[in-house]
Amino acid sequence: MTKSDLIEKVSSMVTAFSRKDIEIIIDTLFESMTESLVKGGKVEIRGFGSFKIKKRDGRQGRNPKSGENIFIDAKKVPFFK
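Heads up: the sequence shown begins at 238 in the numbering used here, then just goes up one per residue.
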């Protein structure tokens with residue numbers, strides 16, 4: 238499901254708000270979740286799951302095109318449970 242599919246689904250179920258209002262609400266929700274994760278927080282939606290940031294260590298990898306060994310830097314990635 239894409240964000241526009243979600244907006245369409247919600248707007249068909251909730252007639253009290255315009256489609257534009259629902260789009261603003263969903264954008265605000267996703268922005269708030271993103272901000273919380275960027276700050277190192279956790280987002281928990283009861284009955285659905287939780288999001289948190291996990292740190293991946295650097296590692297050796299391989300360029301699939303050239304076959305050359307490369308080092309992949311450590312990074313932080315979102316994780317859903």
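All C-beta atoms, glycine included, are put in the ideal place defined by N, C-alpha and C.
- Assignment of beta-bridge partners to residue 287 by DSSP yields 281.
- With a 10 Å radius around the Cβ and a threshold of 16 neighbouring Cβ atoms, residue 309 comes out exposed.
- For residue 265, the closest of 249, 240 and 283 by C-alpha to C-alpha distance is 240.
- Rounded to whole angstroms, residue 257 and residue 245 show a C-alpha spacing of 10 angstroms.
- Taken atom to atom, the span from the alpha-carbon of residue 248 to that of residue 292 is near 37 angstroms.
- A direct Cα-to-Cα measurement between residue 294 and residue 287 gives close to 22 angstroms.
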